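Asker:
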Amino acid sequence: MNILCASAVLFSAGFAPAEAAMKVVKQKPTVSSLAPGEAVLYDDKRCPAGMIARYTRAKNRDEIRRGQCVHQ
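27 is the number of the first residue of the sequence shown in the numbering used here; add one for each residue after it.
Right, dumping it as structure tokens:
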């Protein structure tokens, strides 16, 4: 039981720094502004209040995808 709780804490802690490290940009992301596999947050005014859209550039293609809305 204790091992399960400890692993759950370590597992969830592993994702917190990655989410906190994602940068917010002021201009809409383009293929040339992002490195392959890079993700940024951009307020496109299409998300509910208190949330912001995540944009990601594909690793193997020259394309940008608008992801889900995430909490700021």
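A virtual CB, placed ideally from N, CA and C, is assigned to each residue, including glycine.
Just so you know, these numbers come straight off a predicted model, no measurement behind them.
1. Between H97 and the rest of its own chain, which residues show a CB-CB distance below 7 Å, the 5 nearest in sequence each way excluded?
2. Short check: CB of A65 to CB of R87, under 9 Å?
3. Is the beta carbon of V51 closer than 9 Å to that of E89?
4. Alpha carbon to alpha carbon, how far is R92 from P62? Give it in angstroms, no decimals.
5. For R72, count neighbouring Cβ atoms within 10 angstroms of its own Cβ and tell me buried if that reaches 16, exposed if not.
Answerer: Let's see:
1. As a first step, residue 97 must be located in the sequence shown, where it is residue number 71. The residues are G76, M77.
2. Taking the sequence shown and counting its residues from 1, one reaches residue 65 at position 39. Taking the sequence shown and counting its residues from 1, one reaches residue 87 at position 61. Not in contact: A65 and R87 (Cβ atoms no closer than 9 Å).
3. Numbered from its first residue, the sequence shown carries residue 89 at position 63. Numbered from its first residue, the sequence shown carries residue 51 at position 25. For E89 and V51, no; Cβs fall outside 9 Å.
4. On the sequence shown, residue 62 is found 36 positions in, with the first residue counted as 1. On the sequence shown, residue 92 is found 66 positions in, with the first residue counted as 1. Whole-angstrom Cα-Cα distance: 15 Å.
5. Here residue 72 corresponds to residue number 46 of the sequence shown, with the count starting at 1. With fewer than 16 other Cβ atoms within 10 Å, it is exposed.
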